[in-house]
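2 protein chains.
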Amino acid sequence: MGKGEETRQAILDQAIALASEVGVSGLSIGALADKAGMSKSGLFAHFGSKEEMQLAVLRRSQERFAEYVFKPALKERRGLPRLRALMTNWLNWTEKARLPGACPLNSAANEFDDQPGAVRDAVAAGLAEGRRMLGNAVRLAVEAGDLRADTDIEQFVFELVGIELVAMQSQRLFRDKQAIPRALDAFERLVRDHQPSRKE
Amino acid sequence: MGKGEETRQAILDQAIALASEVGVSGLSIGALADKAGMSKSGLFAHFGSKEEMQLAVLRRSQERFAEYVFKPALKERRGLPRLRALMTNWLNWTEKARLPGACPLNSAANEFDDQPGAVRDAVAAGLAEGRRMLGNAVRLAVEAGDLRADTDIEQFVFELVGIELVAMQSQRLFRDKQAIPRALDAFERLVRDHQPSRKE
DNA sequence: ACAGAATACGAACGTTCGTGCTAAAAAGTC
DNA sequence: GACTTTTTAGCACGAACGTTCGTATTCTGT
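Here is the structure:
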């Protein structure tokens, strides 16, 4: 890895941290350059445009997300244990990744949902992939017999995402210490509702 | 109502619409002045500072929210019917209010959760009040015997908010037509889980 | 109709925005 | 160690940002 790629990665690490506080659209080249300890134009040269920088930040965020949420969950047994691990990793990942603020992907989802363009597309694709992988974990839980066979997987994922979103709002906006416990309670209720009947 | 107050209200109506597309922090005085058909300085004089304008927009959004979500729900019988009305009104209110984008309060919640200051405080207070009123409706449903007496009201509201948030993300980011039906399904499942036993 | 107040405008402020251009410094290659 | 390529800094640009100020216009009460 040449010097260029090295500093590029360092920039992106700072960028993720900054974006988690001010959002992806609030990420300005000048402020990021200051934080990274280099000149505006020097930093700019790595990306060529602000939009390209935003896309790079999103890609990097997604990598980190996979690293902190999906990868460790693979150690758990397919089915409910893995699904539960996914959920708890998801609820804690920004903290584990030492981000000072919110999940950049989620912030960007709110900022760009009405701004057509490449950034919006990337955000949508990123979150869609997250839902897809979550759906896969749910499907495995069904196949393992941990959830009822007639479970509506998309609906299940839909509700999981809702639990995550409200937990983040409660935690970040209201500083509610009970946010994660409440989210886990909601998760367990959801699972209980889809428990296979005993005789199966 | 003098001329001043009149145009001030007109400005705020435009501001809510614009904020629903670009967010409350993305709301710039110049762009709003263009949209309102007046000069930057003329508009600015109505508020004295950008922050004051943002606070006015939030207050106005909250009024509109109450008008479209809470007020019509009062026509329904206390208990489950009113709660259901609240939920459907909530899921559709931006459309009913003819906002071109998302709920400004929700956007602001994401933008300001890491930006200490008066705006953040106002957003938190606004959403907290929303949760409180929702909690009140849940409590009435418990008292009416529509929900189990041991219902954890805060937890119930928590899950309602989650349903709303994921519905908005699905609708706005993914243009998912099934978002509202899925949200209503989730709501009915939540209600079913808290149904009083038959013999009571 | 007229005086006084309220409201709106245009111009300009200093700053920051994203983005080029050019030259210096650093890194990689032989 | 010289040469080439890559990386960084410096400077400037036009535009937009929030804000101030002085002046013009429009409203309001009498």
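In the order they appear, the protein sequences are chains A and B.
Read in order, the letters of the first sequence correspond to residues 877 to 1076 in this note's numbering.
Read in order, the letters of the second sequence correspond to residues 877 to 1076 in this note's numbering.
Heads up, the beta-carbon is just placed ideally off N, CA and C, and yes, glycines get one too.
Bear in mind that the values here come from a model prediction, so they are computed numbers and not experimental data.
Asked: May I have the straight-line CA-CA distance separating B/L894 from B/L908, to the nearest angstrom?; Found: 7 Å
Asked: Just the chain A side, please: which residues come within less than 7 Å of B/I1039 by C-beta, in chain order?; Found: G1038
Asked: Determine the chain B residues that contact A/S937 at a beta-carbon separation under 7 Å, and present them in chain order.; Found: Those do not exist, as A/S937 stays about 15 Å from chain B at its closest Cβ, beyond 7 Å.
Asked: Which residue wins for smallest C-alpha separation from B/Q869, given the options B/C979, B/E943, B/F1050, B/L1010?; Found: An answer regarding residue 869 of chain B cannot be provided, because it is not within the stretch 877 to 1076 covered by chain B.
Asked: What number of angstroms, rounded off, separates the C-alpha of B/F1063 from the C-alpha of B/G899?; Found: 28 Å
Asked: Anything in the segment 907-923 of chain A with a Cβ closer than 9 Å to a Cβ of chain B? List those residues in chain order, please.; Found: none
Asked: My output table needs one value for B/D889: the three-state DSSP class, helix, strand or coil.; Found: helix
Asked: Can you tell me whether DSSP reads A/R996 as helix, strand or coil?; Found: helix
Asked: Tell me whether the segment 988-1001 of chain A and the segment 1046-1056 of chain A touch, counting them as touching only if at least three CB pairs, one residue from each stretch, are closer than 8 Å.; Found: no
Asked: Using a Cβ-Cβ distance cut-off of 8 Å, determine whether A/R1058 contacts chain B.; Found: yes
Asked: Please determine if the segment 1006-1025 of chain A and the segment 1024-1042 of chain B are in contact, where contact requires at least 3 C-beta pairs separated by less than 8 Å.; Found: no
Asked: State buried or exposed for B/Q885, treating a residue as buried only when at least 16 other CB atoms are found within 10 Å of its CB.; Found: exposed
Asked: Quick one: what's got a C-beta closer than 7 Å to A/A1013's C-beta in the same chain, skipping five residues either side?; Found: R958, L959, L962
Asked: Does any CB atom of chain B fall closer than 8 Å to the CB of A/G971?; Found: The sequence shown places Glu at residue 971 of chain A, not Gly. No, because no Cβ of chain B sits closer than 8 Å to the Cβ of A/E971.
Asked: Is it true that the segment 925-941 of chain A meets the segment 976-992 of chain A, where meeting means three or more beta-carbon pairs spaced less than 8 Å apart?; Found: yes
Asked: Residues in the segment 889-902 of chain A with C-beta within 9 Å of chain B's C-beta atoms, listed in sequence order?; Found: S896, E897, V898, G899, S901, G902
Asked: Which value, in whole angstroms, describes the spacing of the CA atoms of A/L888 and A/A912?; Found: 9 Å
Asked: Have a look at A/E897, A/K926, A/A978 and flag the residue whose alpha-carbon is nearest the alpha-carbon of A/V1042.; Found: A/A978
Asked: Are any of the Cβ atoms in chain A nearer than 8 Å to that of B/R1065?; Found: yes
Asked: Going straight from the alpha carbon of A/Q991 to that of B/Q1071, what length do you get?; Found: 42 Å
Asked: Look at the alpha carbon of A/L1007 and the alpha carbon of B/S915, and state the distance between them as a whole number of angstroms.; Found: The residue you asked about is not Leu; residue 1007 of chain A is Arg in the sequence shown. Straight-line Cα distance between these residues: approximately 46 Å.
Asked: Leaving aside the five residues before and after A/A932 along the sequence, list all residues of the same chain whose C-beta is less than 7 Å from its C-beta, in chain order.; Found: L888, F923
Asked: Short of 6 Å in beta carbon distance, which residues of its chain neighbour B/R954, apart from the five on each side in sequence? Order them along the chain.; Found: L1016, A1020
Asked: Would you say B/L967 and B/E1040 are within 8 Å of each other, going by their C-beta atoms?; Found: yes
Asked: So which of B/E952, B/E1005, B/A921, B/S1046 has the shortest CA-CA distance to B/A942?; Found: B/E1005
Asked: Suppose the cutoff is 7 Å on Cβ atoms and the five residues either side in sequence are ignored; what does the same chain contact list for A/R1048 look like?; Found: A978
Asked: Counting contacts by CB-CB distance shorter than 8 Å, is A/D997 in contact with chain B?; Found: no
Asked: DSSP state of A/T1027, grouped into three classes?; Found: coil
Asked: Check B/K1053 in the structure and name its three-state DSSP category.; Found: coil
Asked: From A/L903 to A/D910, what distance separates their C-alpha atoms?; Found: 12 Å
Asked: Rounded to whole angstroms, what is the Cα-Cα separation between B/T970 and B/P976?; Found: 8 Å
Asked: Against chain A, with Cβ distances strictly below 8 Å, would B/L967 count as a contact?; Found: no
Asked: I'd like the ranges of any beta strand (DSSP E) spanning at least 3 consecutive residues and lying wholly in the segment 932-1015 of chain B.; Found: none
Asked: Along chain B, which residues have their Cβ under 7 Å away from the Cβ of A/N1012?; Found: Correct list: empty, because the minimum Cβ distance to chain B is about 18 Å.
Asked: Determine, using beta carbons only, whether B/Q867 comes closer than 8 Å to chain A.; Found: Outside the displayed span of chain B (877 to 1076) sits residue 867 of chain B, for which this structure offers no information.
Asked: Going by C-alpha distance, which of A/G1038, A/S901, A/S925, A/A973 is nearest A/Y944?; Found: A/A973
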